[in-house]
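Chemist: Residue numbers (mature numbering (1 follows the signal peptide of the UniProt record, and there is no 0)): 10 to 558.
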Ligand code: TEU
């Protein structure tokens, strides 16, 4: 049986600071804004907040390009604000998890400015350089580069530097022990302030084979396999654990963990002393919309991972984050008819699976994709650079923009919808990113008043998970595997057994689980007023939680 731990029982709420609440009317969310909403966050019943990066940054990639790891981004406030935020959270019993972005820094970080200044600068080896006299470096694919080329020529020293993400995000050289020590010291700086953990951004990419071998043609189609677990990655994680993590009572989570469940286990197997938990990308990288890839494939991913992790190790469960479209728009149905019911169904799924739930701000309201029409609406370096790259190649821009309506990261980054006043109560200034026009309909204030809102349903679910250890630790068993509409499973712990039934379709769907539910107690159903389940049939997007006798 898995050991009990606070971070396994916790529900993590992700706050994208730029879009949560603006306190000074500049259109950008900030720390004071979050502070003003701490009672709301508390009211959700969640245990921890994961904050996306709030460090000094030129914002090429919204804070994922850090130019000073020990200062707060001016857009977001001051270190004083930060200390108040941390205090306010701790007073409310909420833990704070910070984003740690150390696969790369900003090109405006002092280390990089030094590094690029001359070949014998003492910071030269803080980054990866390829001298131009050796010819062109072996091709490396880049996530955000206009030409998908991760080597950028820098005339100052006649050399190329590596950037897996944008040109303004040069990759740090983890081979260098001096760099590693500087990072550990910076981590201790934040931990000594009392923060409760780190989410390790893109850290699976930190270790590279610095002999730079040629990689097979088309390898970028399977990028995590090639970039995901470099030769020394686990040495670094073990060193980091010895030097930093082991000295604090904190939680750590890997963003991305290789390309298989077995890879992921290596990050979090407690005997290896690396990280506490990991989230993998298989369940979000599977496709654009659940109607395309289908529920059976989707169930299989979760079941395969759970099987590998049934005795040890720990995963997180999530459907959305700031790199994804909105949960209801991808896995549910955001039409007026089904938005609420399918949001509730998806929340039921996240909160009843084994693994720590990571819940993205706004999903408790059922916020939806914004679906921008024009490139002018986009800020994201990912969308913008892919657009420019495609334009340069004479590609089909219309089709690209159509696709972005479903997949763009900014679908999930629009300002939080607090109320029905101007700009959804997010700011009185000009919001940095358009507010979704449906805020009149979907907002927190309206949902507070409605006992059956998605918001209040989420709160109920959080409390249920807290009261029922079976939902945290219970063994997971998939039922009716081939059913294309219904995701059905049981969770079992010390004689307690609950059944979860989820209809992922907009039609009545039957199921066949070989368990009679007639004598059982329904603990929760997303349809209101329900006392009994219909016999082996779920209504559209129905979710039911049943205690089995
Ligand atoms: O994302 C890293 C990353 O690998 C993702 O782009 C991933 O490939 C994708 O989500 C899989 O579906 C992190 C941050 O979350 C992202 O916002 C940053 O842009 C990126 O690192 C660079 O720091």
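We put the CB at the ideal spot given by N, CA and C, even for glycine.
1) Could you give the DSSP three-state label for residue 544: helix, strand or coil?
2) Measuring CA to CA, which of 157, 58, 181 and 358 is closest to residue 396?
3) May I have the straight-line CA-CA distance separating residue 329 from residue 112, to the nearest angstrom?
4) Candidates 13, 22 and 31: which alpha carbon is nearest residue 426's?
5) What separation, rounded to the nearest whole angstrom, lies between the Cα atoms of residue 479 and residue 215?
6) Answer with yes or no whether the minimum CB distance from residue 414 to chain D is below 9 angstroms.
7) Exposed or buried, what is residue 498 when buried is set at 16 or more other beta-carbons lying within 10 Å of its beta-carbon?
8) Quick one: complete alpha helix (DSSP H) runs, 4+ long, within the stretch 448-519?
9) Would you grab the beta carbon distance between residue 415 and residue 298 for me? Rounded to a whole angstrom, and I think it's under 8 angstroms.
10) Helix or strand or just coil, what does DSSP make of residue 206?
11) Is residue 275 closer than 9 angstroms to residue 264 when the C-beta atoms are compared?
12) I'd like to confirm something about residue 413: is its beta-carbon nearer than 8 angstroms to some heavy atom of ligand 1, or not?
13) Based on the DSSP output, what are the partners of residue 264 in its beta bridges?
14) Which same chain residues end up closer than 6 angstroms to residue 1 when comparing Cβ atoms and leaving out the 5 residues on each side of it in sequence?
15) Taking 9 angstroms as the cut-off, decide whether the C-beta atoms of residue 381 and residue 431 are in contact.
16) Considering only DSSP beta bridges, list what residue 526 is partnered with.
17) Given the structure, does residue 388 come close to ligand 3, in the sense that its CB is under 8 angstroms from one of the ligand's heavy atoms?
18) My assumption, with CB atoms under 8 angstroms, is that residue 512 sits in contact with residue 549. Please give the rounded CB distance.
19) My output table needs one value for residue 429: the three-state DSSP class, helix, strand or coil.
20) Per DSSP, which one or two residues make a beta bridge with residue 183?
21) Classify residue 88 as buried or exposed, calling it buried when 16 or more other Cβ atoms lie within 10 Å of its own Cβ.
22) Taking Cβ to Cβ, would you say residue 135 is nearer than 9 angstroms to residue 187?
23) In the stretch 115-170, which residue ranges form an unbroken alpha helix (DSSP H) of at least 4 residues, counting only runs that do not cross its ends?
24) Quick one: is residue 15 buried, meaning 16 or more other Cβ sit within 10 Å of its Cβ, or exposed?
25) Given this structure, state the Cα-to-Cα distance separating residue 557 from residue 314, to the nearest angstrom.
26) Determine the direct distance from the alpha carbon of residue 324 to that of residue 227, and round the result to whole angstroms.
27) Residue ranges of each beta strand (DSSP E) run of no fewer than 3 residues wholly in the stretch 76-120, ordered along the chain?
28) Please indicate yes or no: does the CB of residue 97 lie closer than 8 angstroms to some heavy atom of ligand 1?
29) Quick check: what's the CA-CA separation for residue 150 versus residue 238?
30) What does the Cβ neighbour count give for residue 560, buried or exposed, with the cut at 16 atoms within 10 Å?
31) So if DSSP puts residue 556 in a beta bridge, which residue, or which two residues, is it bridged to?
32) Tell me the rounded alpha-carbon separation between residue 468 and residue 372.
33) Kindly indicate which three-state DSSP category residue 178 falls into: helix, strand or coil?
34) Look up residue 366 in the DSSP assignment and give the residues it is bridged to.
35) Give me the residue from 64, 20 and 19 with the minimum Cα distance to residue 26.
36) Could you have a look at residue 60 and say whether DSSP puts it in helix, strand or coil?
Modeler: Straight from the coordinates:
1) Numbered from 1 along the chain shown, position 535 holds the residue referred to as residue 544. Of the three classes helix, strand and coil, the one that applies to residue 544 here is coil, per DSSP.
2) Counting from 1 along the chain shown, the entry for residue 396 is found at position 387. Out of 157, 58, 181 and 358, 157 has the C-alpha closest to the C-alpha of residue 396.
3) Stepping through the chain shown from its first residue, residue 329 is reached at position 320. Stepping through the chain shown from its first residue, residue 112 is reached at position 103. Going from the Cα of residue 329 to the Cα of residue 112 covers about 22 angstroms.
4) Position 417 of the chain shown holds residue 426. Of 13, 22 and 31, the residue nearest in Cα terms is 31.
5) The sequence position of residue 479 within the chain shown is 470, counting from 1. The sequence position of residue 215 within the chain shown is 206, counting from 1. Each residue's Cα considered, the two are about 36 angstroms apart.
6) Within the model displayed, chain D is absent; a lone protein chain is all it includes.
7) Your numbering for residue 498 matches position 489 in the chain shown. The residue is buried, with at least 16 neighbouring Cβ atoms inside 10 Å.
8) List check, alpha helix (DSSP H) in window: 453-458, 463-476 and 478-482.
9) For the purposes of this step, residue 415 is taken as the residue at position 406 of the chain shown. For the purposes of this step, residue 298 is taken as the residue at position 289 of the chain shown. At roughly 6 angstroms, the Cβ-Cβ gap stays under 8 angstroms, so residue 415 and residue 298 are in contact.
10) What you label residue 206 is simply residue 197 of the chain shown in a count that begins at 1. The answer is strand: DSSP assigns residue 206 an E or B state.
11) For the purposes of this step, residue 264 is taken as the residue at position 255 of the chain shown. For the purposes of this step, residue 275 is taken as the residue at position 266 of the chain shown. Contact: no.
12) Working through the chain shown from its first residue, we reach residue 413 at position 404. Flag unset: Cβ of residue 413 not near ligand 1.
13) For the purposes of this step, residue 264 is identified with residue 255 of the chain shown, where counting begins at 1. The partner list for residue 264 (beta bridge, DSSP) reads 288.
14) Since the displayed the chain opens at 10 and closes at 558, residue 1 lies outside it and no answer follows.
15) Within the chain shown, numbered from 1, the residue matching residue 381 stands at position 372. Within the chain shown, numbered from 1, the residue matching residue 431 stands at position 422. Contact flag unset, no.
16) For the purposes of this step, residue 526 is taken as residue 517 along the chain shown, with counting starting at 1. DSSP, once it has assigned bridges, lists no residue as partnering residue 526.
17) Among the ligands in the structure shown, ligand 3 does not appear; only ligand 1 can be found there.
18) Along the chain shown, one-based indexing puts residue 512 at 503. Along the chain shown, one-based indexing puts residue 549 at 540. With 8 angstroms as the limit, residue 512 and residue 549 qualify as a contact, their Cβ atoms being about 6 angstroms apart.
19) On the chain shown, position 420 is the one that residue 429 refers to. Coil at residue 429, not helix or strand.
20) Looking up residue 183 in the chain shown gives position 174. Per DSSP, none; premise fails for residue 183.
21) In the chain shown, residue 88 corresponds to position 79, counting from 1. Counting Cβ neighbours within 10 Å, residue 88 comes out exposed, since fewer than 16 surround it.
22) Position 126 of the chain shown holds residue 135. Position 178 of the chain shown holds residue 187. Cβ distance < 9 angstroms, so residue 135 and residue 187 count as in contact.
23) 119-126
24) Here residue 15 refers to the residue found at position 6 of the chain shown. When all chains shown are included, residue 15 counts as exposed.
25) Numbered from its first residue, the chain shown carries residue 557 at position 548. Numbered from its first residue, the chain shown carries residue 314 at position 305. One C-alpha to the other measures close to 25 angstroms.
26) By 1-based counting over the chain shown, the position of residue 227 is 218. By 1-based counting over the chain shown, the position of residue 324 is 315. Our two residues, residue 227 and residue 324, have alpha carbons roughly 30 angstroms apart in a direct line.
27) 77-81 and 104-109
28) The residue labelled residue 97 in the question sits at position 88 within the chain shown. No, ligand 1 has no heavy atom inside 8 angstroms of this Cβ.
29) As a working mapping, residue 150 is identified with position 141 in the chain shown. As a working mapping, residue 238 is identified with position 229 in the chain shown. Going from the Cα of residue 150 to the Cα of residue 238 covers about 16 angstroms.
30) This structure does not reach residue 560, given that the chain is present from 10 up to 558, and the question cannot be answered.
31) Stepping through the chain shown from its first residue, residue 556 is reached at position 547. Residue pairing by DSSP places residue 556 opposite 507 and 530 in a beta bridge.
32) Reading the chain shown from its first residue, position 459 is the one you call residue 468. Reading the chain shown from its first residue, position 363 is the one you call residue 372. Approximately 12 angstroms, taken between the alpha carbons.
33) In the chain shown, the residue the question calls residue 178 occupies position 169. Of the three classes helix, strand and coil, the one that applies to residue 178 here is coil, per DSSP.
34) As a first step, residue 366 is located in the chain shown; it is residue number 357 there, counting from the start. Answer is 326, bridged to residue 366.
35) One-based indexing of the chain shown puts residue 26 at position 17. Looking at 64, 20 and 19, the one whose alpha-carbon comes closest to that of residue 26 is 64.
36) Against the chain shown, residue 60 aligns to sequence position 51. Residue 60 falls in the strand class under three-state DSSP.
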